[in-house]
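Structure first, commentary second.
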Amino acid sequence: MVAQRYACAISRPHEQAGRQEMAHVELDAIDRRILSILQENGRLSNQDIAERVNLSPSPCLRRIRRLEEMGVITGYVALLDPQKLGLDLLAYVSVRLEKRGGVAPVRGDETSARAGATHAELFRAAVQAWPEVVACHAMTGDMDYLLRVQVEDMAHFSRFMQEQLLHHPSVIDVKTSFSLERFKETTALPIR
C-alpha cells in the first residue's frame, strides 16, 4: 500500500521585498497523526505518542525532531485562561497607518535609530513592545492591521489606547470591536 502524502504550508520570510514565500512540507498520515496528538496535548511523553501512532519510540522521536527542524512544530507552550488571570476584556482593533511620505518623522522622544524607518516598520516595532497586543495581522481592505488586545478592564484598555496606540505617530485611524462572549477558541490547526 502506498502512503498518501500531503503538503502543509509553512511561511518563511523572503529576504527581498518583505514578501513571504510558502515552503511546502510533505506529511504522511503518521506525521499528521503525531501533529494532531501534540496539538491536543503537548505534554505527552514520546512513549505515549509512539503507542498512539503504532510506532516504536525511536522512529516516533525522529519524526517529531524532523517536524521541529522543518519548522512545522515551532514550540511548546502552556495555554492560559485569560479570565482566571483577571484579563477579562478582549478587543479587536483595526488600525490604519499614515501612507504619505513613506518615511515616518522622528519625534523628540525617539532615538535616531528610528530615523528613516517607514510608518509600517515603526508600527511593527512598537507592537512588539506592547504586551497588551497578543496578536497582530497585516490585513487587506481599508485598514492595515488587526490587533487582538487582551487587558484587565476598560480603564486599562483606555490607557493603552491613549498612551500607546493613539500616541503612535504612524497611526491615523482605529476601529475597535469588543468580544462579548468566547464560545470557541483553539490553537489547533485543521490537519487533514
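Here the sequence shown is numbered in the working numbering, starting from 2 and rising by one per residue. Note that the Cβ used here is the ideal one computed from N, Cα and C, for glycine as well.
Considering residue i, what are the terminal residues of the beta strand (DSSP E) in which it resides?
{"i": "D174", "result": "172-179"}
{"i": "A139", "result": "134-139"}
{"i": "R149", "result": "146-152"}
Who are the Cβ neighbours of residue i in its own chain at under 6 Å, not counting the five residues just before and after it?
{"i": "V94", "result": "L148, V150, V175, T177"}
{"i": "D154", "result": "L90"}
{"i": "S180", "result": "L91"}
{"i": "A127", "result": "H169"}
{"i": "W131", "result": "Q165"}
Quick one: using the 10 Å Cβ neighbour count with 16 as the cut-off for buried, is residue i buried or exposed?
{"i": "Y146", "result": "buried"}
{"i": "A51", "result": "buried"}
{"i": "E27", "result": "exposed"}
{"i": "R64", "result": "buried"}
{"i": "E186", "result": "exposed"}
{"i": "H169", "result": "buried"}
{"i": "F124", "result": "buried"}
Return the Cβ separation of residue i and residue j in integer angstroms, given the expectation that the two are a contact with Cβ distance under 8 Å.
{"i": "I38", "j": "L45", "result": "7 Å"}
{"i": "I31", "j": "V54", "result": "5 Å"}
{"i": "L68", "j": "N47", "result": "In fact, because the Cβ distance is near 13 Å, the residues do not count as touching under 8 Å."}
{"i": "L98", "j": "I173", "result": "7 Å"}
{"i": "H120", "j": "S59", "result": "The Cβ separation is near 52 Å, so there is no contact."}
{"i": "Q40", "j": "A189", "result": "4 Å"}
Between which two residues does the alpha helix (DSSP H) containing residue i stretch?
{"i": "V128", "result": "120-130"}
{"i": "Q198", "result": "As displayed, the chain neither begins before 2 nor continues past 193, which places residue 198 out of reach and without an answer."}
{"i": "Q48", "result": "47-53"}
{"i": "H157", "result": "155-161"}
Report all residues from its chain with a CB closer than 7 Å to the CB of residue i; omit the five preceding and five following residues, and keep chain order.
{"i": "V152", "result": "L88, L90, E133, F158, F161"}
{"i": "M140", "result": "Y146, L147"}
Once the 5 residues before and after residue i are set aside, which same chain residues still bring their CB inside 8 Å of it?
{"i": "V135", "result": "R149, V150, Q151"}
{"i": "D143", "result": "R97"}
{"i": "L56", "result": "I31, R64"}
Length-filtered (3 minimum) beta strand (DSSP E) runs lying within the stretch 62-104: Taken in chain order, the whole beta strand (DSSP E) runs of length 3 or more contained in the stretch 62-104 are 90-98.
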